[in-house]
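Quick note: the sequence shown uses the numbering used here, first residue 50, plus one each step.
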Amino acid sequence: MTKHILFFLLLVFSFSVNLVCQQLVGEKENSVIDSSNTSLLLFITDEELELMSYVSSKIEFYPNTYVLTLEAIEAIELIADLLEQKPAYNLVISGHYFESFSKKRNLKLSLQQAEAIKHYFMSAQLDESRIRINGYGEKQPLSLTNLKVNTRIDLSINF
(Lines of atoms letter the chains of each structure in order from A and count residues from 1; the text may use other names and numbers.)
(Lines give C-alpha, C1' and ligand atoms only; values in the text may rest on other atoms or scores of the structure.)
Protein backbone atom coordinates (compact mmCIF):
# COMPACT_ATOMS: atom_id res chain seq x y z
CA MET A 1 0.00 0.00 0.00
CA THR A 2 1.29 3.42 -0.90
CA LYS A 3 1.80 5.69 2.07
CA HIS A 4 2.42 9.44 2.12
CA ILE A 5 4.87 11.23 4.34
CA LEU A 6 2.99 14.18 5.73
CA PHE A 7 5.03 16.20 8.13
CA PHE A 8 7.61 15.86 10.84
CA LEU A 9 10.82 14.28 11.78
CA LEU A 10 11.08 13.55 15.50
CA LEU A 11 14.58 12.99 16.89
CA VAL A 12 14.81 10.47 19.68
CA PHE A 13 17.54 8.43 21.33
CA SER A 14 18.14 5.08 19.65
CA PHE A 15 17.25 3.05 22.75
CA SER A 16 13.75 4.58 22.92
CA VAL A 17 12.71 4.65 19.24
CA ASN A 18 10.55 1.54 19.39
CA LEU A 19 8.78 2.67 22.56
CA VAL A 20 8.13 6.13 21.11
CA CYS A 21 6.85 4.57 17.89
CA GLN A 22 4.35 2.44 19.77
CA GLN A 23 3.20 5.32 21.98
CA LEU A 24 2.85 7.88 19.19
CA VAL A 25 1.46 5.80 16.38
CA GLY A 26 -0.15 2.87 18.12
CA GLU A 27 0.91 0.34 15.50
CA LYS A 28 4.28 -0.25 13.90
CA GLU A 29 3.06 -0.65 10.29
CA ASN A 30 2.18 3.06 10.13
CA SER A 31 5.73 4.18 10.84
CA VAL A 32 9.24 3.73 9.55
CA ILE A 33 12.42 3.92 11.59
CA ASP A 34 15.46 5.11 9.64
CA SER A 35 18.71 3.16 9.44
CA SER A 36 20.51 5.29 12.03
CA ASN A 37 17.73 4.43 14.49
CA THR A 38 17.58 8.04 15.69
CA SER A 39 14.44 9.35 14.01
CA LEU A 40 10.86 8.40 13.39
CA LEU A 41 8.94 9.20 10.22
CA LEU A 42 5.16 9.18 10.56
CA PHE A 43 2.83 8.28 7.71
CA ILE A 44 -0.84 8.60 6.90
CA THR A 45 -2.47 5.98 4.69
CA ASP A 46 -4.35 6.56 1.44
CA GLU A 47 -7.53 5.44 3.19
CA GLU A 48 -7.05 8.04 5.91
CA LEU A 49 -6.48 10.76 3.29
CA GLU A 50 -9.66 9.69 1.50
CA LEU A 51 -11.56 9.77 4.79
CA MET A 52 -10.33 13.32 5.49
CA SER A 53 -11.42 14.43 2.01
CA TYR A 54 -14.82 12.72 2.35
CA VAL A 55 -15.52 14.25 5.76
CA SER A 56 -14.41 17.71 4.60
CA SER A 57 -16.89 17.47 1.72
CA LYS A 58 -19.73 16.56 4.12
CA ILE A 59 -19.23 19.38 6.61
CA GLU A 60 -22.04 21.87 6.26
CA PHE A 61 -23.69 24.41 8.50
CA TYR A 62 -27.17 25.81 8.53
CA PRO A 63 -27.18 28.93 6.31
CA ASN A 64 -25.26 31.91 7.65
CA THR A 65 -24.60 30.21 11.01
CA TYR A 66 -22.00 28.10 12.74
CA VAL A 67 -24.52 25.37 13.63
CA LEU A 68 -23.48 22.00 12.16
CA THR A 69 -26.00 19.94 10.20
CA LEU A 70 -26.77 16.38 11.33
CA GLU A 71 -24.97 14.97 8.26
CA ALA A 72 -21.88 17.00 9.17
CA ILE A 73 -21.90 15.69 12.74
CA GLU A 74 -22.15 12.10 11.51
CA ALA A 75 -19.17 12.66 9.20
CA ILE A 76 -17.12 14.35 11.91
CA GLU A 77 -17.62 11.30 14.12
CA LEU A 78 -15.56 9.30 11.60
CA ILE A 79 -12.60 11.63 12.14
CA ALA A 80 -13.09 11.49 15.92
CA ASP A 81 -12.79 7.70 15.70
CA LEU A 82 -9.60 7.99 13.62
CA LEU A 83 -8.04 10.46 16.04
CA GLU A 84 -8.90 8.22 18.97
CA GLN A 85 -7.06 5.33 17.29
CA LYS A 86 -4.06 7.47 16.29
CA PRO A 87 -2.81 9.51 19.25
CA ALA A 88 0.06 11.00 17.19
CA TYR A 89 -2.38 12.67 14.82
CA ASN A 90 -3.33 16.27 15.47
CA LEU A 91 -6.15 18.01 13.64
CA VAL A 92 -6.08 21.37 11.88
CA ILE A 93 -9.52 22.82 11.10
CA SER A 94 -9.54 25.72 8.63
CA GLY A 95 -12.72 27.67 8.00
CA HIS A 96 -13.34 29.61 4.78
CA TYR A 97 -16.44 31.73 4.26
CA PHE A 98 -17.37 33.55 1.03
CA GLU A 99 -20.85 34.99 1.18
CA SER A 100 -22.27 38.41 0.48
CA PHE A 101 -21.43 39.74 3.94
CA SER A 102 -18.60 42.09 4.75
CA LYS A 103 -15.07 40.71 4.78
CA LYS A 104 -15.00 41.17 8.54
CA ARG A 105 -18.23 39.16 9.01
CA ASN A 106 -17.02 36.41 6.67
CA LEU A 107 -13.75 36.16 8.61
CA LYS A 108 -15.61 35.98 11.91
CA LEU A 109 -18.03 33.30 10.66
CA SER A 110 -15.20 31.20 9.20
CA LEU A 111 -13.52 31.18 12.60
CA GLN A 112 -16.80 30.46 14.43
CA GLN A 113 -17.44 27.49 12.14
CA ALA A 114 -13.97 26.08 12.79
CA GLU A 115 -14.50 26.66 16.52
CA ALA A 116 -17.85 24.79 16.40
CA ILE A 117 -16.12 21.74 14.94
CA LYS A 118 -13.37 21.98 17.55
CA HIS A 119 -16.00 22.02 20.32
CA TYR A 120 -17.61 18.92 18.84
CA PHE A 121 -14.28 17.06 18.97
CA MET A 122 -13.69 18.23 22.52
CA SER A 123 -17.15 16.94 23.51
CA ALA A 124 -16.02 13.60 22.06
CA GLN A 125 -13.15 13.67 24.61
CA LEU A 126 -10.41 14.67 22.16
CA ASP A 127 -7.74 16.68 23.97
CA GLU A 128 -7.88 20.36 23.03
CA SER A 129 -4.10 20.43 22.58
CA ARG A 130 -4.52 18.15 19.54
CA ILE A 131 -6.76 20.62 17.69
CA ARG A 132 -5.75 23.84 15.97
CA ILE A 133 -8.22 26.11 14.21
CA ASN A 134 -7.88 28.82 11.59
CA GLY A 135 -10.44 31.20 10.13
CA TYR A 136 -9.55 32.65 6.74
CA GLY A 137 -12.78 34.29 5.63
CA GLU A 138 -12.29 35.23 1.96
CA LYS A 139 -8.49 35.02 1.94
CA GLN A 140 -7.99 31.60 0.26
CA PRO A 141 -10.49 31.12 -2.58
CA LEU A 142 -10.55 27.91 -4.61
CA SER A 143 -12.44 29.59 -7.45
CA LEU A 144 -12.77 33.18 -8.60
CA THR A 145 -16.23 32.56 -10.08
CA ASN A 146 -17.93 29.99 -7.80
CA LEU A 147 -18.42 31.40 -4.31
CA LYS A 148 -20.16 28.22 -3.14
CA VAL A 149 -16.98 26.10 -3.41
CA ASN A 150 -15.03 28.78 -1.57
CA THR A 151 -17.22 28.46 1.53
CA ARG A 152 -15.79 25.34 3.09
CA ILE A 153 -14.00 23.64 5.96
CA ASP A 154 -10.60 22.08 5.30
CA LEU A 155 -9.41 19.34 7.64
CA SER A 156 -5.80 18.23 7.79
CA ILE A 157 -3.68 16.00 9.96
CA ASN A 158 -0.28 16.91 11.31
CA PHE A 159 2.02 15.30 13.82
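Don't be surprised by glycine CBs; every beta carbon is placed ideally from N, CA and C.
Contact check for V104 and I128: beta-carbon distance about 5 Å, within the 8 Å limit, so the pair qualifies.
If you look at I125, you'll find it in the alpha helix (DSSP H) that goes 119-134.
In terms of CA proximity to D176, Y138 leads the group S106, L117, Y138. It is roughly 20 Å from the alpha-carbon of Q174 to the alpha-carbon of L100. In the structure shown, L204 falls within a strand segment according to DSSP collapsed to helix, strand and coil.
In the three-state reduction of the DSSP assignment, F170 falls in the helix class, which pools H, G and I. Cβ-Cβ distances below 7 Å link K152 to G186, E187 in the same chain, with the five nearest sequence neighbours on each side left out; the list follows chain order.
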